[in-house]
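Enquirer: Here's a structure for you.
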Amino acid sequence: MLNDKRIERIEAVLNKKQSTLQVFLDNVDSSQNLSAIIRSCDSVGVLNFYYSNEVDKDVKIHKTITQGSHHWLYRERVDLANKVDFLKEKQKEGFQVVVTHLSEKSVSYRKVDYTEKTVIVMGNEKDGISDEVLELADEVVIIPMQGMAQSLNVSVATALILYEAERQLDGASRYDRPQLSLEQIEEIKFEWVHRDLISRRSKGTIFTGRKKRSRRENC
Numbered sequence: 001m002l003n004d005k006r007i008e009r010i011e012a013v014l015n016k017k018q019s020t021l022q023v024f025l026d027n028v029d030s031s032q033n034l035s036a037i038i039r040s041c042d043s044v045g046v047l048n049f050y051y052s053n054e055v056d057k058d059v060k061i062h063k064t065i066t067q068g069s070h071h072w073l074y075r076e077r078v079d080l081a082n083k084v085d086f087l088k089e090k091q092k093e094g095f096q097v098v099v100t101h102l103s104e105k106s107v108s109y110r111k112v113d114y115t116e117k118t119v120i121v122m123g124n125e126k127d128g129i130s131d132e133v134l135e136l137a138d139e140v141v142i143i144p145m146q147g148m149a150q151s152l153n154v155s156v157a158t159a160l161i162l163y164e165a166e167r168q169l170d171g172a173s174r175y176d177r178p179q180l181s182l183e184q185i186e187e188i189k190f191e192w193v194h195r196d197l198i199s200r201r202s203k204g205t206i207f208t209g210r211k212k213r214s215r216r217e218n219c
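Here the sequence shown is numbered in the UniProt record's numbering, starting from 1 and rising by one per residue.
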């Protein structure tokens, strides 16, 4: 079994998860950026992470970048052909779709109310947000740039926006009380504890009652 401190840690993380703050990557093409964004998502309590890409398979997760954070949120691949319908469904659920794009109607990312149900949509570094996603956006934002460069790396930009959302959510005391139902917390906790137990057993980091031999004894 996991020790009490590990279980308490899982419970504490679940109590700060924000079901109303979600992230969607529009046609991601860099597994390194995706992994870095996952780590930022976990750090602010994002529970649901979505992405689309042209390759009909999951994007590789770089564990040295995520540092295990990919285990503590749900990630889902959305087919490119279905991404507009997916985001429209989110809007029907009451989410505002916030996209990053430089245009005449763009506003600073700080002006959005992230205490509302929000899906933050980030584009890839080459093409940005696709036109069809841009058309359905509720808010179009930019990160003000004061230097020669007109954009940031997508993982850095995502982290900035997420931490503005975290600032607002913290100001609204959203991290002070669970945002998930008790049933959701218990269901996810059971899943995470079970998975963590299997993972630790496979790595030999859980005491099983048998004397552990040294590396020399195993040779």
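Note that the Cβ used here is the ideal one computed from N, Cα and C, for glycine as well.
#1: Within 7 angstroms: the Cβ of residue 152 and any heavy atom of the ligand MG?
#2: Should residue 49 go down as buried or exposed, given a rule of 16 or more other Cβ atoms within 10 Å for buried?
#3: Going residue by residue through the UniProt domain "tRNA/rRNA methyltransferase SpoU type" (21 to 163), where are the continuous alpha helix (DSSP H) segments of at least 4 residues, counting only ones entirely within it?
#4: I'd like the span of the alpha helix (DSSP H) that includes residue 176, first residue to last.
#5: Return the CA-CA distance between residue 5 and residue 12, expressed in angstroms with no decimal places.
#6: Let's test the definition: count the other Cβ atoms within 10 Å of the Cβ of residue 145 and tell me whether it reaches 16, buried, or not, exposed.
#7: I believe residue 134 touches residue 101 by the beta-carbon criterion, under 8 angstroms. Please report the beta-carbon distance rounded to the nearest angstrom.
#8: Starting from residue 5, trace the alpha helix (DSSP H) in both directions and tell me its first and last residue.
Expert: Quick look at the numbers:
#1: Looking for the ligand MG in the displayed structure turns up nothing, as the structure carries no ligands at all.
#2: buried
#3: 31 to 43, 63 to 66, 83 to 92 and 131 to 135
#4: Taken as a continuous stretch (DSSP letters only), residue 176 belongs to no alpha helix (DSSP H), as it is neither H nor E.
#5: 10 angstroms
#6: exposed
#7: 6 angstroms
#8: 4 to 14
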